[in-house]
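A short write-up of the structure that comes next.
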Amino acid sequence: MNVLYVILSCLLLLTYSPEISNASSLNNGESLMKIRAFDHGKFLRIVLEGPEVLIGSGKVEQGNEEINVKFSETDFTIEPGKMKLPYQKNNDTVIIKLKNPGDIKVFSLDEPSRLVIDIHKKTQNTKEKKDNSASNKDKTRTVNRDDEKTTVRTKDANLNDETKKRNKYSEPVSFLGPSSAEASTIRQKENTDHEKHPDDNNTSNPEQQWSEDGVLLPDTLKKAWEVMKKENNPFRAIAQLSSSRPSDAAYLAPYHLLYGDALFAAGNYLGAIEQLRLAYVHASDEKIKEVSFFRRAEVYSKLGFYYEAKLNYLIFIRDFPSSKYIQKAHLGLANSLSETGSFAESVEYYEKAGRSPEVLFNMANALQKLEKVEEARKVYANAMIADSTYPERSPETYFYLAENLRMTGKPNDARKLLQAIESGPFRDQARLSLGLIEMEEANFAQAVEYFQSIVFTRNLKVKVNALFNVSLAYLKQGKLKESIATLEDVRKKYIDSSLYDEALLVLSKLYRQEGRIKESVALLKELVYGNQPPKEAFKELEEILTEQSARKETGAEGEIRFTELWGEVGQWMLDASRTDFLLKIAEKLRPEGKPFVQLCSWLAENAQGKAKMTAALALADHYAALNDLQAAGQYVNAARETGKELKVKESSDVILRVESAISYAAKNSEQALKSIMAVKEFESKDFKLLADIISDLKEQGVNIRHAVAFFEKMIAKSDGTAEDYIRLADILYDLNEEKALEYYRASYEKDPGNEWAAYRIGTIVDMPETNELFGRLEKGDSLISRVAKTKLREINLLNKIDEVYQ
Numbered sequence: 026m027n028v029l030y031v032i033l034s035c036l037l038l039l040t041y042s043p044e045i046s047n048a049s050s051l052n053n054g055e056s057l058m059k060i061r062a063f064d065h066g067k068f069l070r071i072v073l074e075g076p077e078v079l080i081g082s083g084k085v086e087q088g089n090e091e092i093n094v095k096f097s098e099t100d101f102t103i104e105p106g107k108m109k110l111p112y113q114k115n116n117d118t119v120i121i122k123l124k125n126p127g128d129i130k131v132f133s134l135d136e137p138s139r140l141v142i143d144i145h146k147k148t149q150n151t152k153e154k155k156d157n158s159a160s161n162k163d164k165t166r167t168v169n170r171d172d173e174k175t176t177v178r179t180k181d182a183n184l185n186d187e188t189k190k191r192n193k194y195s196e197p198v199s200f201l202g203p204s205s206a207e208a209s210t211i212r213q214k215e216n217t218d219h220e221k222h223p224d225d226n227n228t229s230n231p232e233q234q235w236s237e238d239g240v241l242l243p244d245t246l247k248k249a250w251e252v253m254k255k256e257n258n259p260f261r262a263i264a265q266l267s268s269s270r271p272s273d274a275a276y277l278a279p280y281h282l283l284y285g286d287a288l289f290a291a292g293n294y295l296g297a298i299e300q301l302r303l304a305y306v307h308a309s310d311e312k313i314k315e316v317s318f319f320r321r322a323e324v325y326s327k328l329g330f331y332y333e334a335k336l337n338y339l340i341f342i343r344d345f346p347s348s349k350y351i352q353k354a355h356l357g358l359a360n361s362l363s364e365t366g367s368f369a370e371s372v373e374y375y376e377k378a379g380r381s382p383e384v385l386f387n388m389a390n391a392l393q394k395l396e397k398v399e400e401a402r403k404v405y406a407n408a409m410i411a412d413s414t415y416p417e418r419s420p421e422t423y424f425y426l427a428e429n430l431r432m433t434g435k436p437n438d439a440r441k442l443l444q445a446i447e448s449g450p451f452r453d454q455a456r457l458s459l460g461l462i463e464m465e466e467a468n469f470a471q472a473v474e475y476f477q478s479i480v481f482t483r484n485l486k487v488k489v490n491a492l493f494n495v496s497l498a499y500l501k502q503g504k505l506k507e508s509i510a511t512l513e514d515v516r517k518k519y520i521d522s523s524l525y526d527e528a529l530l531v532l533s534k535l536y537r538q539e540g541r542i543k544e545s546v547a548l549l550k551e552l553v554y555g556n557q558p559p560k561e562a563f564k565e566l567e568e569i570l571t572e573q574s575a576r577k578e579t580g581a582e583g584e585i586r587f588t589e590l591w592g593e594v595g596q597w598m599l600d601a602s603r604t605d606f607l608l609k610i611a612e613k614l615r616p617e618g619k620p621f622v623q624l625c626s627w628l629a630e631n632a633q634g635k636a637k638m639t640a641a642l643a644l645a646d647h648y649a650a651l652n653d654l655q656a657a658g659q660y661v662n663a664a665r666e667t668g669k670e671l672k673v674k675e676s677s678d679v680i681l682r683v684e685s686a687i688s689y690a691a692k693n694s695e696q697a698l699k700s701i702m703a704v705k706e707f708e709s710k711d712f713k714l715l716a717d718i719i720s721d722l723k724e725q726g727v728n729i730r731h732a733v734a735f736f737e738k739m740i741a742k743s744d745g746t747a748e749d750y751i752r753l754a755d756i757l758y759d760l761n762e763e764k765a766l767e768y769y770r771a772s773y774e775k776d777p778g779n780e781w782a783a784y785r786i787g788t789i790v791d792m793p794e795t796n797e798l799f800g801r802l803e804k805g806d807s808l809i810s811r812v813a814k815t816k817l818r819e820i821n822l823l824n825k826i827d828e829v830y831q
């Protein structure tokens, strides 16, 4: 992967840097290498320059009178005419002949990529030279580029005499990196011809001059830097720096940078932030700006000022995208985002921060906090391969790794890790998780013990979680009162908790279970009035409304009348996703008038499909019953249009019913009869309308035999109610049809308590059945009971008269 990254980087570099591209590659695809050598008196410098992939693979071996530089590839060509020493290319190796062999030091430089070999002349006496020559004959020395960091960071004490003399006064000395002026000069020199290349003309050793940050400090700050870095005494360094502020404005930036470093090392983070700010303000060199800005972001993070750290990291990534600290900046930004709760965004930056164990584990922790447990599991697995000991050094990682095991179905493995957390910042969270494991395994008593052990924790989030879960454990144990008491505690004391809404929802269900409907509805209203009402609250309200819709009057304490409940919460239930439920509620509200009209009007305007048409027809039926034929007609037309759009055929029965009702209200009974007789599937209300139409036609003197026959046909097909049979029987009774008795008896069988059916049967049949039926009826207190009682007396009187005259 790293090799691929290097290759891609080189390709991008070649693409966006025409100068380098032209210098490093040929048209035939081979890499171009340049070799040059310069004698600096005390040492000879050989420079090999070329593409980073080629130069980075170079390994140097020192022979007796030659230097062999071996590369990982053979496809390269050496530019002729620039090398003063004899050399030859043998496949993947460049062999350079030496007249005066000596000790070599190897290091590399970037932009452009260069492998630098310094051959230092030996200063031993003749005898030592001979001894060394004999002992070191045919001895080879291999130096890899991996030694670059060690070589480049050699201390100033090893600088050659010429370099020390030159740097003694006003020349900057390399401790933290280049000053703005010199860094600019160096960059300018690096872009000149080979004869003036900095690695050729600089008589000092770069490994002694350049530090990891690439910032140069003036000689006046050297002592303070050595005190802090070598003696590890930031307090003494602070004392020296506070009394030696440079007067030269050019040195203020490195001074404040070093001062900030010292204050940070001494634990004075706020002071460090101020000094790093001043370093950035006074810096004209981009390198100092880069270093100071990055370190200030790190100090903010160290202080726990994560919002400030986040902002600084974002600006750093924007302004210094090519910085060597860029991955650290992405990591710092990701950590800051995670600390401020932006876990999803933090994962994006963890993906840009490299593949170190710290990055992988922190990314997995963020995914676990997002409850993306499967993704987190995979990242944890990769991280453990990279460093299996990391969780032991990170309490947070140790806990969330255990949480991931719990949530991915490995409770036993999770339990082992969680039980080991006996102290530290995640102890209470571990006990909470142990309680959840016991809950999942139905060990409710043990779960209660775990939850109760942390209800006094200072971690408010953990405390509320413990209270909420102990209430659920009580509920599982059948301890309803204890569960309610615990949830009421959450409701009263922890209104800002993330579990507050969930606690209210559970509490409302428990109130409902106890029959405390008003209190249950009050909690649900509080939930639905919020900015983000939970869906479960609406579902609970649906169930309560459905239950209460059958209750017309207020009953026991805690109950609430259905229409009053709808008036309180109905407006929050209006949603297109609940149209089926709303249609049922509309039917229950039909006797209430205005609430019914309001709900159906909303459905006719906002619902979709069949629900829209059903609501329009319900309104048409309602207005037809009120004899408002114009309104009824409008809604019928609206229903018809919706039916055409949906290509709904089965809805024609509904339209025919409404049209029949409109015609009947308009005294056009014959048209009403035609419409109702066209209905294919009869309902109970259709029989009532048909009976009304037949009665009206009879009064008008119209022959109703075919209508009565249709009635008999449909009631046999649909098996109507007791009332439907009575309607048909009454029509036949008025027509003196003997069939009337048959339908009265059918009604009485369906409803033995129907007094009218019993009375009619009693008037038709003979004794003793008449006496039996009227005898039952006279015991009641209704009008029919009194009529039956009178009728029974009349029959008894007639019987006595017959006995006298017989």
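Take any residue in the sequence shown, note its place counting from 1, add 25, and you have its number in my numbering.
We put the beta carbon where it would ideally sit given N, CA and C, even for glycine.
This structure is a prediction, so every number in the text was calculated from the model and none was measured.
_Less than 8 angstroms between the beta carbons of H355 and Y374, yes or no?_
Yes; because the gap between Cβ atoms is below 8 angstroms, this pair is in contact.
*asked:* I'd like to confirm the pairing. Which residues does DSSP put opposite I60 in its beta bridges?
replied: L73
*Going by C-alpha distance, which of D310, K699, Q87 and R70 is nearest K109?*
Ranking D310, K699, Q87 and R70 by Cα distance to K109 puts R70 first.
_8 angstroms contact criterion, which D721 and S694 should meet: CB distance rounded_ = 4 angstroms
*Just mark T511 as buried or exposed, buried being the case when its beta carbon has 16 or more other beta carbons within 10 Å.*
Around the beta carbon of T511, a 10 Å sphere encloses 16 or more other beta carbons of the protein chains shown; the residue is thus reported as buried.
*Is DSSP giving L140 helix, strand or coil here?*
In this structure, L140 counts as strand in the three-state DSSP scheme.
*So is T99 buried or exposed if we call it buried at 16+ other beta carbons inside 10 Å?*
exposed
_For A378 and S413, I'd like the C-alpha separation in whole angstroms._
20 angstroms
*Helix, strand or coil at E315 according to DSSP, with G and I counted as helix*: Of the three classes helix, strand and coil, the one that applies to E315 here is helix, per DSSP.
*Contact between the segment 750-768 and the segment 732-742 (3+ Cβ pairs under 8 angstroms)*: yes
*Classify N662 as helix, strand or coil using the three-state DSSP reduction.*
helix
*Put T511 into one of helix, strand or coil per three-state DSSP.*
helix
*Nearest to D417 by CA position, among K403, P382 and R431, is which residue?*
Note on identity: in this sequence residue 417 is Glu, with Asp being the wrong assignment. Among K403, P382 and R431, the Cα nearest to that of E417 belongs to P382.
_Own chain, CB closer than 8 angstroms to A274, minus 5 neighbours either side, in chain order_ = Non-local beta-carbon contacts of A274 in its own chain, meaning distances under 8 angstroms to residues more than five positions away in sequence, involve H307 in chain order.
*What did DSSP end up calling S602 once you bin it into helix, strand or coil?*
helix
*Taking 8 angstroms as the cut-off, decide whether the C-beta atoms of I680 and G658 are in contact.*
No.
*Report yes if the CB atom of L323 is closer than 8 angstroms to the CB atom of G357, and no otherwise.*
A quick correction: the sequence has Glu, not Leu, at residue 323. Yes, the Cβ-Cβ distance between E323 and G357 is below 8 angstroms.
*In the structure shown, what three-state DSSP assignment does T365 receive?*
coil
*Residues of its chain near L802, where Cβ-Cβ distance is below 7 angstroms and the 5 sequence neighbours each way are ignored*: E780, A783, Y784, I809, S810 and A813
*CB L295 to CB S317, shorter than 8 angstroms?*
no
*Is the segment 700-711 touching the segment 655-670, taking contact as three or more C-beta pairs under 8 angstroms?*
no
*Enumerated in chain order, which unbroken segments of the alpha helix (DSSP H) with a length of 4 residues or greater are wholly contained in the segment 752-781?*
764-775
*Could you give the DSSP three-state label for E797: helix, strand or coil?*
helix
_So, with DSSP's three-state summary, where would you put K723?_
helix
*Should P105 go down as buried or exposed, given a rule of 16 or more other Cβ atoms within 10 Å for buried?*
exposed
*In the DSSP assignment, find the alpha helix (DSSP H) that holds K254 and state where it starts and stops.*
K247 to K254
*Quick one: Cα of F368 to Cα of Q538, how far?*
Cα to Cα, F368 sits roughly 39 angstroms from Q538.
*Could you check if L822 is buried or exposed, using at least 16 other CB atoms within 10 Å of its CB as the buried criterion?*
It is exposed - the Cβ of L822 has fewer than 16 other Cβ atoms within 10 Å.
*Could you check how far apart the C-beta atoms of Y689 and L714 are, in whole angstroms? I think they sit under 8 angstroms.*
7 angstroms
*Tell me which same chain residues have a C-beta within less than 6 angstroms of the C-beta of I820, skipping the five on either side of it?*
There are no such residues.
*By how many angstroms is the C-alpha of K59 removed from the C-alpha of E220?*
Reliability fails at E220, whose pLDDT of 37 lies under 50, so the model's placement of it is uncertain and no value is given.
_So the candidates are Q444, A562 and M432; which of them puts its Cα closest to the Cα of L551?_
Looking at the sequence provided, one finds Glu at residue 551 rather than Leu. Comparing alpha-carbon positions, the option among Q444, A562 and M432 lying closest to E551 turns out to be A562.
_Run of the alpha helix (DSSP H) containing V306, from where it starts to where it stops_ = Y294 to H307
*Sequence-distant residues of the same chain with beta carbon closer than 6 angstroms to N125, five excluded per side*: none
*Taking C-alpha atoms, which residue in L766, D646 and L651 lies nearest to V661?*
D646
_DSSP bridge partner residues for T118 (one or two, in chain order)_ = Answer by DSSP bridge pairing, in chain order: K95 and N115.
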